[in-house]
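One gets our numbering by counting positions in the sequence shown from 1 and adding 1060 to each. Beta carbons are placed, not taken as given, at the ideal position from N, Cα and C, and that holds for glycine. Have a look at the structure below, then the notes.
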Amino acid sequence: MKRRHLLGSAAALTITSGLGPSIARAQAFPDKPIRFVVPYAPGGATDTSARIAAEYLANKFGQQVLVENKPGGGTIIATEIVAKAKPDGYTLLLAAAPVATNTSFGLKLPYDPVKELAPVCSYVDMPLLLACNPKAPYKTMAEFLAWAKAQTSPIPYASAGNASMPHLWGEQLKIATGIKLDHVGYKGSADALKDVLGGHVMLFSDTLLPGGLAVKDGRLRGLVVAAAKRVPMLPDVPTVAEAGLPADLTGAVFFGVMATGGTPEPVIAKLNAAFKELLADPATSKKLVDLGFVLVGGSAADYGKRLAAETVKWRKVIQEAKITPPA
């Protein structure tokens, strides 16, 4: 009996000793600068959202948070940097939607997104939007669907490019409603917007930036925002449910924060708590909302579940619509 008690005490001591270094590291974290890797070029709303977070975290932790822009490869370049980094929480990724969609294109990735990346939290969403040139022969989503179903030829719609989230959403709309659509991909939203404003293509699948701004100032007509709730930027544009569309058509370019796989859980928890505070901070959250973002947040587990669900959702669309990998 005494021997069993001693063995139990020894086992408990071993477990506690094993946790000790992780807890100590978390308590000291961070004691040096943090790298925040962004898979896009400087200057856009995504980059700005990362810099807003970096500023808040630097003030909170008393350490520099250095934003590193690593565009290219459909976000693969930036993601690989974080996946292959030391698992200590000092290298973070502003993860975008391709973290969930890249695996569905059959790409041979230089990392395992499940084993080599660790979710920290959901950060913000940029809702998707369907808009049209004001001269289009429809003013509402219902009118557009009725008009589209009467057409004999596919209706061209513009997006930021092949395999972009607006492209995927356009194909999902096509599948869900049975209308005939023909995707016209551009090298970015700005080029697509230019052609829609010029009337070369009448329909535009985009996000709140820049498409939403063009709706806000009257250059485009908003048909639907692919969100569960109306967004502050476009309070008069209906949601998916209000437009009579299936609930599954809610969609966004979604952003989260990831660390390297194997990062100690106490460090993940500390980072998650910091982002929770960031999103609850009135001044910081206002900056994000003013850019058109919807605040999300949640636990690391919540973000992991969302990534899994988004992967399943978009894989079905990619396969059914036969969408090719991004260039």
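Any idea if residue i is buried or exposed, counting beta-carbon neighbours within 10 angstroms, 16 or more meaning buried?
i, result
"Asn1162", "buried"
"Asp1266", "buried"
"Thr1323", "buried"
"Ala1231", "Going by the sequence as given, residue 1231 is Glu instead of Ala. So Glu1231 ends up on the buried side."
"Thr1135", "buried"
"Ser1164", "buried"
"Ala1113", "buried"
"Leu1073", "Because the pLDDT of Leu1073 is 49, which lies under 50, any placement of that residue in the model is unreliable, and the number read from its coordinates should be weighed accordingly. With fewer than 16 other Cβ atoms within 10 Å, it is exposed."
"Gly1103", "exposed"
"Val1142", "buried"
"Pro1342", "exposed"
"Pro1386", "buried"
"Ser1213", "exposed"
"Thr1139", "buried"
"Lys1130", "buried"
"Lys1199", "exposed"
"Asp1277", "exposed"
"Val1244", "buried"
"Ala1110", "buried"
"Ala1208", "buried"
"Tyr1246", "buried"
"Val1372", "exposed"
Taking 8 Å as the cut-off, decide whether the C-beta atoms of residue i and residue j are in contact.
i, j, result
"Pro1093", "Leu1126", "yes"
"Val1297", "Val1317", "no"
"Ala1252", "Ala1220", "yes"
"Ala1218", "Phe1264", "yes"
"Val1356", "Tyr1150", "no"
"Ala1145", "Pro1326", "no"
"Leu1331", "Ala1319", "yes"
"Tyr1116", "Thr1310", "no"
"Ile1215", "Leu1233", "no"
"Glu1176", "Gly1321", "yes"
"Ala1360", "Lys1120", "no"
"Ala1223", "Ile1328", "no"
In terms of alpha-carbon separation, which member of the options lies closest to residue i?
i, options, result
"Gly1271", "Ile1378, Lys1254, Pro1090, Asp1242", "Lys1254"
"Ala1368", "Ala1312, Ile1383, Pro1187, Val1174", "Val1174"
"Ala1160", "Leu1294, Asp1148, Gly1364", "Gly1364"
"Ala1178", "Leu1190, Asp1185, Leu1154, Glu1115", "Leu1154"
"Ile1137", "Gly1104, Tyr1171, Asn1332, Phe1121", "Tyr1171"
"Ala1303", "Gln1211, Thr1237, Met1262, Asp1341", "Thr1237"
"Leu1348", "Pro1386, Thr1212, Leu1268", "Leu1268"
"Asp1308", "Leu1228, Ala1088, Lys1168", "Leu1228"
"Thr1108", "Trp1374, Phe1353, Arg1375", "Phe1353"
"Phe1315", "Tyr1198, Ala1101, Arg1366", "Arg1366"
"Pro1306", "Met1262, Met1201, Gly1258, Tyr1246", "Met1201"
"Pro1194", "Ala1223, Arg1111, Val1261, Lys1120", "Val1261"
"Gly1132", "Pro1158, Asp1362, Arg1111", "Pro1158"
"Gly1358", "Ser1249, Ala1340, Lys1289, Ala1088", "Ala1340"
"Trp1374", "Gly1166, Lys1289, Gly1248, Ala1088", "Gly1166"
"Ala1101", "Lys1289, Gly1259, Gly1248", "Gly1248"
Considering just the uninterrupted stretch of the beta strand (DSSP E) at residue i, what are its terminal residues?
i, result
"Asn1129", "1125 to 1129"
"Pro1298", "Pro1298 -> no beta strand (DSSP E), and no H or E assigned at all."
"Gly1316", "1312 to 1320"
"Ala1265", "Reading the sequence as shown, one finds Ser at residue 1265 and not Ala. Start and end: 1263 to 1267."
"Phe1165", "Taken as a continuous stretch (DSSP letters only), Phe1165 belongs to no beta strand (DSSP E), as it is neither H nor E."
"Leu1152", "1151 to 1155"
"Leu1273", "Here Leu1273 belongs to no beta strand (DSSP E); instead the alpha helix (DSSP H) covers 1273 to 1276."
"Ala1218", "1215 to 1219"
"Val1097", "1094 to 1098"
"Gly1133", "Per DSSP, Gly1133 belongs to no beta strand (DSSP E) and is neither H nor E."
"Leu1283", "1281 to 1285"
"Gly1245", "1241 to 1245"
If I'm right that residue i touches residue j with Cβ under 8 Å, what's the distance once you round it to whole angstroms?
i, j, result
"Val1291", "Val1285", "6 Å"
"Arg1281", "Cys1181", "In fact, because the Cβ distance is near 35 Å, the residues do not count as touching under 8 Å."
"Ile1239", "Glu1380", "Wrong, their Cβ atoms sit about 15 Å apart, outside the cutoff."
"Pro1090", "Gln1123", "5 Å"
"Val1313", "Ala1156", "7 Å"
"Ala1287", "Pro1187", "4 Å"
"Leu1411", "Ala1105", "Since the first residue shown for the chain is 1061 and the last is 1387, residue 1411 is missing from the structure and cannot be characterised."
"Arg1279", "Leu1294", "At roughly 13 Å, the Cβ-Cβ gap does not stay under 8 Å, so Arg1279 and Leu1294 are not in contact."
"Val1204", "Leu1152", "Strictly speaking, residue 1204 in this sequence is Phe, with Val absent from that position. Incorrect: roughly 41 Å between the Cβ atoms, too far for contact."
"Leu1190", "Leu1283", "5 Å"
List the endpoints of the continuous alpha helix (DSSP H) containing residue i.
i, result
"Arg1375", "1360 to 1381"
"Thr1344", "1342 to 1350"
"Tyr1116", "1105 to 1121"
"Leu1253", "1249 to 1257"
"Leu1228", "1225 to 1237"
"Ala1208", "1201 to 1209"
"Val1174", "It is not in any alpha helix (DSSP H) - Val1174 carries neither H nor E in the DSSP assignment."
"Val1142", "1136 to 1143"
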